[in-house]
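Protein chains in written order, with this note's numbering: chain A, 423 to 521; chain B, 423 to 521; chain C, 423 to 521; chain D, 423 to 521; chain E, 423 to 521; chain F, 423 to 521; chain G, 423 to 521; chain H, 423 to 521; chain I, 423 to 521; chain J, 423 to 521. Just so you know, even glycine gets a beta-carbon here, dropped at the ideal spot from N, CA and C.
Protein chains: 10
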Amino acid sequence: MEFLVRIDVRLPPDFDETRKQELIRAEAERAKELARRDLVRRLWRIPGRWSNVGLWSAEDASALHEAIASLPLFPWLEVAVTPLARHPSDPAPPGEAPA
Amino acid sequence: MEFLVRIDVRLPPDFDETRKQELIRAEAERAKELARRDLVRRLWRIPGRWSNVGLWSAEDASALHEAIASLPLFPWLEVAVTPLARHPSDPAPPGEAPA
Amino acid sequence: MEFLVRIDVRLPPDFDETRKQELIRAEAERAKELARRDLVRRLWRIPGRWSNVGLWSAEDASALHEAIASLPLFPWLEVAVTPLARHPSDPAPPGEAPA
Amino acid sequence: MEFLVRIDVRLPPDFDETRKQELIRAEAERAKELARRDLVRRLWRIPGRWSNVGLWSAEDASALHEAIASLPLFPWLEVAVTPLARHPSDPAPPGEAPA
Amino acid sequence: MEFLVRIDVRLPPDFDETRKQELIRAEAERAKELARRDLVRRLWRIPGRWSNVGLWSAEDASALHEAIASLPLFPWLEVAVTPLARHPSDPAPPGEAPA
Amino acid sequence: MEFLVRIDVRLPPDFDETRKQELIRAEAERAKELARRDLVRRLWRIPGRWSNVGLWSAEDASALHEAIASLPLFPWLEVAVTPLARHPSDPAPPGEAPA
Amino acid sequence: MEFLVRIDVRLPPDFDETRKQELIRAEAERAKELARRDLVRRLWRIPGRWSNVGLWSAEDASALHEAIASLPLFPWLEVAVTPLARHPSDPAPPGEAPA
Amino acid sequence: MEFLVRIDVRLPPDFDETRKQELIRAEAERAKELARRDLVRRLWRIPGRWSNVGLWSAEDASALHEAIASLPLFPWLEVAVTPLARHPSDPAPPGEAPA
Amino acid sequence: MEFLVRIDVRLPPDFDETRKQELIRAEAERAKELARRDLVRRLWRIPGRWSNVGLWSAEDASALHEAIASLPLFPWLEVAVTPLARHPSDPAPPGEAPA
Amino acid sequence: MEFLVRIDVRLPPDFDETRKQELIRAEAERAKELARRDLVRRLWRIPGRWSNVGLWSAEDASALHEAIASLPLFPWLEVAVTPLARHPSDPAPPGEAPA
Numbered sequence: 423m424e425f426l427v428r429i430d431v432r433l434p435p436d437f438d439e440t441r442k443q444e445l446i447r448a449e450a451e452r453a454k455e456l457a458r459r460d461l462v463r464r465l466w467r468i469p470g471r472w473s474n475v476g477l478w479s480a481e482d483a484s485a486l487h488e489a490i491a492s493l494p495l496f497p498w499l500e501v502a503v504t505p506l507a508r509h510p511s512d513p514a515p516p517g518e519a520p521a
Numbered sequence: 423m424e425f426l427v428r429i430d431v432r433l434p435p436d437f438d439e440t441r442k443q444e445l446i447r448a449e450a451e452r453a454k455e456l457a458r459r460d461l462v463r464r465l466w467r468i469p470g471r472w473s474n475v476g477l478w479s480a481e482d483a484s485a486l487h488e489a490i491a492s493l494p495l496f497p498w499l500e501v502a503v504t505p506l507a508r509h510p511s512d513p514a515p516p517g518e519a520p521a
Numbered sequence: 423m424e425f426l427v428r429i430d431v432r433l434p435p436d437f438d439e440t441r442k443q444e445l446i447r448a449e450a451e452r453a454k455e456l457a458r459r460d461l462v463r464r465l466w467r468i469p470g471r472w473s474n475v476g477l478w479s480a481e482d483a484s485a486l487h488e489a490i491a492s493l494p495l496f497p498w499l500e501v502a503v504t505p506l507a508r509h510p511s512d513p514a515p516p517g518e519a520p521a
Numbered sequence: 423m424e425f426l427v428r429i430d431v432r433l434p435p436d437f438d439e440t441r442k443q444e445l446i447r448a449e450a451e452r453a454k455e456l457a458r459r460d461l462v463r464r465l466w467r468i469p470g471r472w473s474n475v476g477l478w479s480a481e482d483a484s485a486l487h488e489a490i491a492s493l494p495l496f497p498w499l500e501v502a503v504t505p506l507a508r509h510p511s512d513p514a515p516p517g518e519a520p521a
Numbered sequence: 423m424e425f426l427v428r429i430d431v432r433l434p435p436d437f438d439e440t441r442k443q444e445l446i447r448a449e450a451e452r453a454k455e456l457a458r459r460d461l462v463r464r465l466w467r468i469p470g471r472w473s474n475v476g477l478w479s480a481e482d483a484s485a486l487h488e489a490i491a492s493l494p495l496f497p498w499l500e501v502a503v504t505p506l507a508r509h510p511s512d513p514a515p516p517g518e519a520p521a
Numbered sequence: 423m424e425f426l427v428r429i430d431v432r433l434p435p436d437f438d439e440t441r442k443q444e445l446i447r448a449e450a451e452r453a454k455e456l457a458r459r460d461l462v463r464r465l466w467r468i469p470g471r472w473s474n475v476g477l478w479s480a481e482d483a484s485a486l487h488e489a490i491a492s493l494p495l496f497p498w499l500e501v502a503v504t505p506l507a508r509h510p511s512d513p514a515p516p517g518e519a520p521a
Numbered sequence: 423m424e425f426l427v428r429i430d431v432r433l434p435p436d437f438d439e440t441r442k443q444e445l446i447r448a449e450a451e452r453a454k455e456l457a458r459r460d461l462v463r464r465l466w467r468i469p470g471r472w473s474n475v476g477l478w479s480a481e482d483a484s485a486l487h488e489a490i491a492s493l494p495l496f497p498w499l500e501v502a503v504t505p506l507a508r509h510p511s512d513p514a515p516p517g518e519a520p521a
Numbered sequence: 423m424e425f426l427v428r429i430d431v432r433l434p435p436d437f438d439e440t441r442k443q444e445l446i447r448a449e450a451e452r453a454k455e456l457a458r459r460d461l462v463r464r465l466w467r468i469p470g471r472w473s474n475v476g477l478w479s480a481e482d483a484s485a486l487h488e489a490i491a492s493l494p495l496f497p498w499l500e501v502a503v504t505p506l507a508r509h510p511s512d513p514a515p516p517g518e519a520p521a
Numbered sequence: 423m424e425f426l427v428r429i430d431v432r433l434p435p436d437f438d439e440t441r442k443q444e445l446i447r448a449e450a451e452r453a454k455e456l457a458r459r460d461l462v463r464r465l466w467r468i469p470g471r472w473s474n475v476g477l478w479s480a481e482d483a484s485a486l487h488e489a490i491a492s493l494p495l496f497p498w499l500e501v502a503v504t505p506l507a508r509h510p511s512d513p514a515p516p517g518e519a520p521a
Numbered sequence: 423m424e425f426l427v428r429i430d431v432r433l434p435p436d437f438d439e440t441r442k443q444e445l446i447r448a449e450a451e452r453a454k455e456l457a458r459r460d461l462v463r464r465l466w467r468i469p470g471r472w473s474n475v476g477l478w479s480a481e482d483a484s485a486l487h488e489a490i491a492s493l494p495l496f497p498w499l500e501v502a503v504t505p506l507a508r509h510p511s512d513p514a515p516p517g518e519a520p521a
């Protein structure tokens, strides 16, 4: 099942710079791992903000939560999840669209 | 450039049924044409509503507006557009992600 | 997978009374059928309103949408869906909680 | 009487880890106790957030407040309560639905 | 149990005047009856609007819904209910405050 | 003139416990004094929150502000005031309803 | 006591023109009468809208409601009232500021 | 003085087509006239909607209101005005920026 | 040109008391000076809050911003400005209403 | 492509004054550089706030994000971006309006 996930990062501006860079590096690696396991399919930045919107795929809401909660920045994230249903006009290639 | 487009259809419940079916059929054909021209890349239904969220691709906001305004249901649509920027962790295959 | 579904009925106050009673009767029958198939598990009225909140269970968002769209009052409904994930402290008896 | 209770935990991300783990452990025990006394009937996690929505049962709003205020994390909770009325189509087994 | 109930009347401005006066008269009689049965304890007008806020008392949310739904203007009402719990500093005379 | 006053207490969760208890004790005494002077007529707790809604009576908005601002917790309060007008169906005993 | 009153006129765009002009003329006369009785002290238009914000003065919320409800356009008005308290730095000449 | 003006057109979808085309033609002519008189300086379409945002220039809010109210579509417009002040980093050529 | 200005003071409750009193004293003096120069014409307190709403008069938005930014409490203020246009029914004495 | 960008600066009021002045100076220089490269075309202050609204021009959302993220105050900014499409009545001189 696919989900649209909007994420706003609320790390304080005066956060320790070294730890911030570590968190960002770890976040990128985790995102790559989630993409490799097909949990994250697309990811975009919202221009002008430390925010992204992504297309996620997971067995159900429990598996999705587990994946999002595994992000190193999770304690600083504000997350909004929209469940997605199949649309008859979705141009996705077979096998990629929700059943 | 990619855009996230949320569309809510506000056709009145007591709309003439024949005309409604014609509009829906024309809308589906138009969506297929927009997909063929790579203007619509993905389309999902918001469960429980006559609403969809889609991943659109267009040269710019003017080309996007022209494409959305070409939908037969356009006069009854409530549309919200979010411009999308490239995210370094986007797992999209090369050539598909925003440059 | 379980979903929390909030439904507000927007039938106009001056709707034809006979058709309204028919729709309500058909709605109740459909709700009974959805309950029999375990798609609707609980249903409550929001006091003071023609609104309800329900605990639904469906394979995924597509199956949920199909079930909600099958309601006779669907064209007059305003629906908001919240996907639900498993909570470690959920007191639900085994087999009923989300896996 | 049943209530729908939405809880968002606002514990600061940089909260002392030891105390946080203690609070979470105490919270889980308290939730178990509230479930045992039939005050909490179901509990779900909102995916992507440190939030839950629960089905609570209490004599009245005063008893409900007392139960929620007994949660160890109470000072950090943002809570929204929706009172629930009986719905004629509620599939709950007799004895479980609100009278 | 006491409830705070905010009611906005959405009768269209061009409603038939005779029927409107009948509805208002019936509404006032019904309100008097609800007051007599101690379901409505206080009622205030929100200045500048066809709206009121009231202090209601009912066994539970189901009884409250039944009372509100019995109002002749119910199909045109937008209603918001806030459940009320006992406050230790409530100056209400004994027997009137929520237990 | 009567006012409906909603108060949310925003005392930080990690506030000094001794000072907090002192403030709460002083707040309760002040509330009792305001009740004695008929400035506060009823007070309810919003279940699940450190919030209350109250029925206040004051000469005008200036006298009401003075009374609210005299609360020891005032610097931490978020307050919303709704002015109340007389409703013809108010069941209040004579002398208690707004003139 | 002074009140800040925001009024949005919701007369439908396709309202009968003759009746509309009559209502507007009657509204202006009524406003003049309310000004003469010191109920309306100032009145401004919100640019770009059929809306105004005004400084009203009335004995209490009941008198204010009576004055607003006397406006010929009242059934089409959306009104929001803010009660005003005395400010120590108000430059109003003596006798004009709230006591 | 410059203003940012957001305009949403609320013409009903089933509006008479001939009259609609006349209104649109008249609106365009009026916009051209307002531009000629330097009241409208820039105008953009909000993609996906029958909405625009414009940079207007007027002596004050009264002159701005007069200009907006002169638009043939005015009765169907929802308008929001933001007053603009000079910014020290505005790259506008001298004579064009607000004094 | 006149403006309606709503100001909410967001000084933290645990702000240093001496500095707070100094700021309040300086704010009052500045307000008196702004009143003397006819920039502030009326000022009211919003009951129950550290907030005020005022009637300001300034050449344009730039002059208004300069005046507001000169307030000693400015860094802690949340300010919302509404531009005001002349209303034909404004009872203001000649010379005081916006031209 | 043009964008409307609203920026609210959320620098804490008690921020170190020296660093604040440095940031403001660097921000102004960066804004000048962005203007020189035609990324920022107009910039206005929202009166009464540390906020601005600007007309930006960029290849696409990715280039826009890069430009905004290059602002020295970026970690303290709350930014909202509206993509702009060509309007047939835009009075912009040729070569300046969006294609």
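Name the chain D residues whose beta carbon is nearer than 7 Å to that of residue i?
| i | result |
| --- | --- |
| E:Arg508 | Ser484 |
Tell me the DSSP secondary structure of residue i in three-state form.
| i | result |
| --- | --- |
| B:Trp498 | helix |
| B:Ser484 | helix |
| H:Ile429 | strand |
| I:Leu456 | helix |
| E:Arg447 | helix |
| B:Arg526 | A query on residue 526 of chain B cannot be resolved here, the shown segment of chain B reaching from 423 to 521 and no further. |
| G:Ala521 | Residue placement at G:Ala521 cannot be trusted, given a pLDDT of 49 that sits under 50; what the coordinates show is reported in the next sentence. If DSSP states are grouped into helix, strand and coil, G:Ala521 belongs with coil. |
| I:Ala489 | helix |
Would you kindly work out how many angstroms separate the C-alpha atoms of residue i and residue j, rounded to a whole number?
| i | j | result |
| --- | --- | --- |
| I:Pro477 | I:Leu445 | In the sequence as presented, Pro is not what sits at residue 477 of chain I; that position holds Leu. C-alpha separation (whole angstroms): 22 Å. |
| C:Leu486 | E:Leu433 | 35 Å |
| D:Pro515 | C:Lys454 | 13 Å |
| E:Pro494 | E:Phe437 | 15 Å |
| B:Arg441 | H:Arg471 | 23 Å |
| J:Arg463 | A:Asp512 | 39 Å |
| A:His509 | A:Arg459 | 24 Å |
| I:Pro497 | A:Ala448 | 37 Å |
| H:Glu500 | D:Asp482 | 45 Å |
In the DSSP output, which residue or residues are listed as bridge partners for residue i?
| i | result |
| --- | --- |
| D:Pro505 | D:Phe425 |
| J:Gly476 | J:Val427, J:Leu465 |
Using the rule of at least 16 other Cβ atoms within 10 Å of the residue's Cβ for burial, across every protein chain shown, is residue i buried or exposed?
| i | result |
| --- | --- |
| G:Thr504 | buried |
| J:Ser479 | buried |
| E:Glu424 | buried |
| A:Ala507 | buried |
| C:Pro469 | buried |
| C:Ser492 | exposed |
What in chain B is Cβ-close to residue i, meaning under 7 Å?
| i | result |
| --- | --- |
| J:Pro505 | Ala483, Val503, Pro505 |
Could you tell me which chain E residues have their CB closer than 9 Å to the CB of residue i, listed as they occur along the chain?
| i | result |
| --- | --- |
| C:Arg471 | His487, Ile490, Leu499, Glu500, Val501, Ala502, Val503 |
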